[in-house]
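Chains as they are written, first to last, in UniProt numbering: chain A, 1 to 395; chain B, 1 to 285.
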Amino acid sequence: MNITRRNIALGGAGAVAAATGLARPALAQNEAIRIGWLAAMTGPSSAPAIGFNRGVVFAAEAINAEGGVRGRRIEIVTRDTQGDPTKAVNATQEMISQARVHAIWGPTNSGESLAVTAIMARAGMPNIHPCVVDSLIDVRRYPNAFRMAPSNTQWDDAVRGYCLDRVNARKVAVIGDTTGYGVAATNASAQGFQRAGAEVVYKANIDATQPDMTPDMLRARNAGAQAIVVWSVSTGMIARMLNTRASMGWDVPFVGHPSLSSGEVGTLIERPANWEKVYAVGYRSCSRDASDALPPRTTELLGRLRGKVDLRDTLLWWVANGIDAVDLVAKAVEATGSSDKAAIIRHWNTLTKYPGYFGEYTFSATEHNGYPTEDVVMSAANSARDGAFALAPGY
Amino acid sequence: MLASILASGLAVGAIYALIGITYNTMFATSRVMSFTAGQLGMLGGVLGSLFTLKLGLPWPVALLLVLAGCGVIGVITEIVAVRPVLKSLDQHLYVLTTLAAALLIQQFTAIQWGTEPQPFPRLLGLGSGIWDEKYWLPVVVCAATIVGLEYLYRRTLVGRAFVAIAEDNFAARALGLPERDLRMASYALAGAIGGLAGFAGGQLLLAFFANGPLLNFYGFIPVALGGLGNNRGAVIGGIALGLFQQAANFLVGGIFSSVAVFTLFIIVLLAAPQGLFGSTASRRV
């Protein structure tokens, strides 16, 4: 037999393939379970990711301290996307092709998620995220993507239900900002109220930097609004509206987006009283009831977190959701005995009332919106304490 | 409703006018439209909040520090973004350099200060409702600035030197006027005026990094309406813009008010390209 370069190359390739194949079983048994974490840790909108990250790190350390999952350690592969969809795309591709993660948690804002969901779908990458935009979950196009937080529709349902059933407001003003999210959410909300038989007496999208909210608030009052429904993440705009409501001597309730309860709003209002009768989307698992108590499972979580995770400058649901995300991947590997991507997705599709800290998640092959709608509640916006809120009146 | 339109319209109009004057002051000695004007206004609010609420300084001290800080930013703008491109004004490279400087200021502020609006303190604690100081303070400050500038330009040697440079750069240099030093001084003055606009309007606009682009746009309109380099035109244009914008907010509301403002702006420029108070420039051929 002649020794040629081609034979040497083929022989070498065969040897490498054989060696890799032989090594694989041993490697898989000890290989860390790598969870990609697309986190906007810096830049605008970094507050949620910082909160989620505390939960992620806590959960990974807790699992590893108990010996890991079937002897395999959890390894969190974090990439700071800075809230930038382009950076999220690059980080996702790196996680898929170089870091070779077994599942991805995040991104945690919809703009980034819209950019990366299709990429993950092409790679068959198990993906869990808490983003609210409805179109991010589509089992036909993205069979790998699972939502473990409410969708925008669920938020909308909760806000509308509270206005109609508990505030007894039949005439509402729906106001959002001029961002893409603000316009879409305002339109969807107004349509929802109209379908439910309520009257949308005023609808507007306001530039979030508009210094004076008097025109819109006056129009809403003159139109006879019995509740103001707000869809905006702009704390400046929200605070201006609340200050204007106070200066008008109007006590109409504000109901809407979780940003209504942001601590930033508290710093921008002229008087603490301006933040009364403001109800923001919240979650039953992270809400205190009339006796000031949290649900038992959340109380147990707080016991685990005490001294290890600071909750004073973040929201409890962010931390709880981060813990649940890591646990969901770990439980999938534990149940299937494999970190194979298809196996993880198949396992998630069988979950019914999986007991997370943030909620009980249910997924199936045809429904990847896993958060229970009945657990989306309204909170008193000015009642934050250790990341949790008091339930709004009426529950 | 009319009272609200007048109160908030005059207030935001005065802020726009002050930013317009900032544009003009920089333009007068350099023939450059520096797009850092709005960022100086933003910095006035942010630094004012920083010095008063975070560092606990009395507001008069904070005001002096804001004026000094923004003056320094003005000088840095002249050195970094304007001076290198003065020799090729006809290529309009200053658009790129000053926009880049504006972006740097905005991003630096976002990183250091944060991206959420933060409170600005009540300064005098006077008034309530439509007579709240947040409405009349920018108007008073705008009026005082105009009076001060008129005094500077008409009664002082330095002011006359500014005017000389603005009127005829070559002749002024031939007479021995220190053109570069005067240009730096005018940028420092512009910085201080921009900072003053942000400080006076802080209660209305809050201390928010995103105010920069807003002030850049709406501060430019009075300049275009009033005629480039014409401070009185900028004041009238700014006040008119503020009142029209607030009236549009009341009458058509939301995003349509911005459409109304820019529609009027385009109509005015079509009718009078040199601005309502500008004069057609003659050129020797």
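Note that beta-carbon positions come from the ideal geometry of N, C-alpha and C, so glycine has one too.
Return the first residue and the last residue of the beta strand (DSSP E) that residue i is part of.
i	result
A:His129	Asn127 to His129
A:Val159	From DSSP, A:Val159 is part of no beta strand (DSSP E) but of the alpha helix (DSSP H) over Asn152 to Gly161.
A:Tyr142	Element bounds for A:Tyr142: n/a, residue is neither H nor E.
A:Tyr279	Val278 to Tyr283
A:Ile104	Ala103 to Trp105
Is there at least one Cβ from chain A nearer than 8 Å to residue i's Cβ?
i	result
B:Pro222	no
B:Gly227	no
B:Ala210	yes
B:Pro119	yes
B:Asn249	yes
B:Leu64	no
B:Gly127	no
B:Val12	yes
B:Gln274	no
B:Ile255	yes
B:Tyr16	no
B:Met26	no
B:Ile42	According to the sequence provided, residue 42 of chain B is Met. The question's Ile does not apply to it. No, B:Met42 lies away from the interface with chain A (no Cβ there is under 8 Å from its Cβ).
B:Ser4	yes
B:Leu243	no
B:Gln39	no
B:Ser49	no
B:Gln112	no
B:Leu137	no
B:Leu205	yes
Tell me, which residues are paired with residue i by DSSP?
i	result
A:Lys171	A:Glu199
A:Arg147	A:His129 and A:Asn369
A:Thr78	A:Trp37
A:Pro215	Its beta-bridge partners do not exist; DSSP assigns none.
A:Asn349	According to DSSP, which records beta bridges pairwise, A:Asn349 is partnered with nothing at all.
B:Gly38	Paired residue(s): none; B:Gly38 is not in a bridge.
Which first and last residues belong to the alpha helix (DSSP H) in which residue i is found?
i	result
A:Thr92	Pro85 to Glu94
A:Gly394	Element bounds for A:Gly394: n/a, residue is neither H nor E.
A:Ser379	Premise fails: A:Ser379 lies in the beta strand (DSSP E), Val376 to Ala380, not in any alpha helix (DSSP H).
B:Ala240	Asn231 to Leu251
A:Ile119	Ser110 to Ala123
B:Gln203	Gly202 to Leu205
B:Lys54	Neither: B:Lys54 is in no alpha helix (DSSP H) and is coded neither H nor E.
A:Ser46	Ser46 to Ala65
B:Pro222	Asn211 to Gly226
B:Ile21	Leu2 to Ser30
A:Ile274	Going by the sequence as given, residue 274 of chain A is Asn instead of Ile. A:Asn274 -> no alpha helix (DSSP H), and no H or E assigned at all.
A:Tyr357	Segment: none, A:Tyr357 is in no alpha helix (DSSP H) and carries neither H nor E.
For residue i, would you say it is in contact with chain B, using Cβ-to-Cβ distances shorter than 8 Å as the test?
i	result
A:Leu242	no
A:Thr214	yes
A:Arg24	At A:Arg24, the pLDDT of 48 sits below 50, so the modelled position is not reliable and the matter cannot be decided from this model.
A:Pro211	yes
A:Ala293	no
A:Gly236	yes
A:Thr78	no
A:Asp84	no
A:Ala204	yes
A:Gly21	No answer about A:Gly21 holds up, because its pLDDT of 45 lies below 50 and its placement is not dependable.
A:Asp310	no
residue 396 of chain A	The structure shown does not extend to residue 396 of chain A, since chain A is modelled only from 1 through 395, so no value can be given for it.
residue 404 of chain A	Here chain A has residues from 1 to 395 only, and residue 404 of chain A is not among them.
A:Val376	no
Taking 7 Å as the cut-off, does the CB of residue i come closer than this to any heavy atom belonging to the ligand SAM?
i	result
A:His257	Inclusion of the ligand SAM in the displayed structure is not the case, the ligand content being empty and no account of it being possible.
Continuous alpha helix (DSSP H) assignments of at least 4 residues falling wholly in the segment 219-261 of chain A: Counting whole runs of 4 or more residues, the segment 219-261 of chain A contains the alpha helix (DSSP H) stretches 235-247.
Interface residues of the segment 219-230 of chain A facing chain B [CB-CB below 7 Å]: Within the segment 219-230 of chain A, the qualifying residues are Arg219.
Residues in the segment 95-118 of chain A having any Cβ partner in chain B nearer than 9 Å: Listed by position, the residues of the segment 95-118 of chain A near chain B (Cβ gap below 9 Å) amount to none.
Segments of 4+ residues assigned as alpha helix (DSSP H) that fall wholly inside the segment 128-165 of chain B: If we require 4 residues or more, the alpha helix (DSSP H) runs fully inside the segment 128-165 of chain B come out as 133-155.
Runs of alpha helix (DSSP H) wholly within the segment 285-333 of chain A (minimum 4 residues, chain order): DSSP runs (the alpha helix (DSSP H)) wholly in the segment 285-333 of chain A: 296-305.
Residues in the segment 378-392 of chain A having any Cβ partner in chain E nearer than 8 Å: Although the question refers to chain E, the structure presented lacks it and instead comprises the protein chains A and B.
Selection of the segment 249-272 of chain A by Cβ proximity to chain B, strictly under 7 Å: Along the segment 249-272 of chain A, going in chain order, the ones with a CB nearer than 7 Å to a CB of chain B are Glu264, Thr267 and Leu268.
Chain-ordered residues of the segment 339-359 of chain A with a beta carbon less than 7 Å from chain B: So the list is empty, because no residue satisfies the distance condition.
Contact set between the segment 88-105 of chain B and chain A, restricted to residues whose Cβ is under 8 Å from the partner: Look at the segment 88-105 of chain B: it has no residue with a C-beta under 8 Å from a C-beta of chain A.
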